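Line by line, the protein sequences are chains R and D.
Under the working numbering, the first sequence is numbered contiguously, ending at residue 161.
Under the working numbering, the second sequence is numbered contiguously, ending at residue 1103.
Note that beta-carbon positions come from the ideal geometry of N, C-alpha and C, so glycine has one too.
All values derive from a computational prediction rather than experimental measurement.
Presented below is the structure to which this report refers.
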Amino acid sequence: MTQQQQAINPVRVSVSVGLDQQRCFEVFTDEMISWWPAGHHIGETPLKEIIIEPFVGGRWYARHEGGDETDTGVVTAWDAPRGFTVTWQVGADWAYHADLVTHLDVSFTPTEDGRTLVELVHRDLEAYGADAAQMQRTFEGPDAWGGMLRIYKDVAERAHF
Amino acid sequence: MLGDPTRQAILDLLLEGPQPVGQLAALLPVSRPAVSQHLKVLKEVGLVVDHQEGTRRVYQVDPAGLAPLRAYLERFWQKAMVAFAQHAENHHADNQKDKEQDR
C-alpha cells in the first residue's frame, strides 16, 4: 500500500478533558472498557474487557463475557503519557481483517488551563477502498451484520457529497 | 481485494486523478484488457465511476464510495471521545485519590 495518497482525508476528532495528561492517558488506555460505547464490538457476546498491551507490538483486543476474544489491532507506537498509535483492522462489516490496516493516532497535550487536549486521528482510510468488494460481499451475504448495515445505509443516505 | 496488487495500484493511481484506460495500462505492468477487467470490478463495487470523453473512457474514484464509511467513523469517534471525556471527568476525584494512595 502506498503512503503518499491524500485523497481520503483522515477522520480527526478532539476533546478537552479536565484532567492532567497522565491521568487522561491512563483512563483512555487502561480503562477503555469504562467509556467505550458498549454496543460497539465484534464479538458474539457482550464486552467484558478491552486490553491494549502497553508496548510496541502489543495487541489491542477485547475479551467478551462468553470467553471469546476479538482483535482490533496492534500497537505501533507507545509514548506514555504523550500518545500512542494502534492499528484499526476492523472492516465496515464489523470483522477483523488481517490485511485491512488503518491507523489511529491518539495524542494527549497539556493545555495552559490545566486541562488536556486529546486528539484522535484515524488515517489510512484508503485501505477500506481496496477492501470494499469484500465488505460488499459480507453485506450481501446471509450472515450480514444487519445492524451495522442499517447504520451504514443510514449514513450513506444522509451523506451529501 | 487488497490481496490484488494491481487493483490496489489502479485505485492508487485514480486517487491522484481521473485517467483513461490506456494511460493506466501504460503505467502498470499489465495488459490493457487486464486493466479493463480490474476497472470493471472496481466499478461494480462502486469505487470508481467512468464517463466517455471523445474516443476515450475516463475512470475516476467515486468520492461517494468511501465517504459514507468515513462519515460513519467520524460520528463513531466523536461519540466515543465525548463518552471518554465524560467518564474521565466524572470519575476523576475517586480515581485520583486511589492513585495517590497507591503511590
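Give me the subset of the stretch 41 to 56 of chain R whose CB atoms are less than 7 Å from a CB atom of chain D, sorted by chain position. none
Worksheet item: Using a beta-carbon distance cut-off of less than 8 Å, what residues from the stretch 112 to 125 of chain R approach chain D?
Response: VAL118, LEU120, HIS122 and LEU125
Meets three-Cβ-pair contact criterion under 8 Å: the stretch 1075 to 1084 of chain D and the stretch 13 to 24 of chain R = Yes, the stretch 1075 to 1084 of chain D touches the stretch 13 to 24 of chain R.
(request) Use the C-beta contact count for R/HIS40: other C-beta atoms within 10 angstroms, 16 or more gives buried, fewer gives exposed. (result) exposed
Practice item. Kindly list, in the order they appear in chain D, the residues whose Cβ is closer than 9 Å to that of R/GLY18. Key: ALA1085, ALA1088, GLU1089 and HIS1092
Self-check item: Neighbouring residues, chain R, relative to D/LYS1079 (Cβ below 7 Å)
Solution: PRO37
Q | Inter-residue Cα distance where the pair is D/ALA1009 and R/THR116 | A | Their Cα atoms are separated by approximately 41 Å.
Contact check, D/LEU1047 vs D/LEU1024, beta carbons under 8 Å: no
**Message:** Closest to R/ASP113 by C-alpha separation, out of R/VAL11, R/PRO10, R/ASN9 and R/ASP20, would be which residue?
**Reply:** R/ASP20
>> Check whether chain D comes within 8 Å of R/PHE28, counting only Cβ atoms and requiring the distance to be less than that.
In response: yes
Check: If you measure from the beta carbon of R/SER34 to each beta carbon in chain D, is any gap under 8 Å?
Finding: yes
Notebook entry, point to check: Going along chain D, which residues have a C-beta under 8 Å from R/VAL15?
Noted result: Near R/VAL15 (Cβ distances below 8 Å), the residues of chain D are MET1081, VAL1082, PHE1084 and ALA1085.
Output needed for D/HIS1038: all residues of its chain with C-beta closer than 7 Å, excluding positions within five of it in sequence on either side, in chain order. THR1006, ARG1007 and ILE1010
field: Where R/TRP36 falls: helix, strand or coil (DSSP)
entry: Here R/TRP36 sits in coil by DSSP.
Interface partners of D/GLU1053 on chain R, CB under 9 Å:
Here the premise fails: no neighbours, minimum Cβ distance about 21 Å.
So which residues of chain D does R/VAL11 contact, with C-beta pairs closer than 8 Å?
ARG1070, LEU1073, GLU1074 and TRP1077
**OP:** Keeping to the same chain, check which residues put their C-beta closer than 7 Å to that of R/ALA127; ignore five residues upstream and five downstream.
**Re:** MET1, LEU100, VAL101 and THR102
Check your understanding: Alpha carbon to alpha carbon, what distance is there between R/SER34 and D/GLY1017?
Key -> Answer to the nearest angstrom: the Cα atoms are 44 Å apart.
For D/LEU1024 and chain R, any beta-carbon pair shorter than 8 Å?
no
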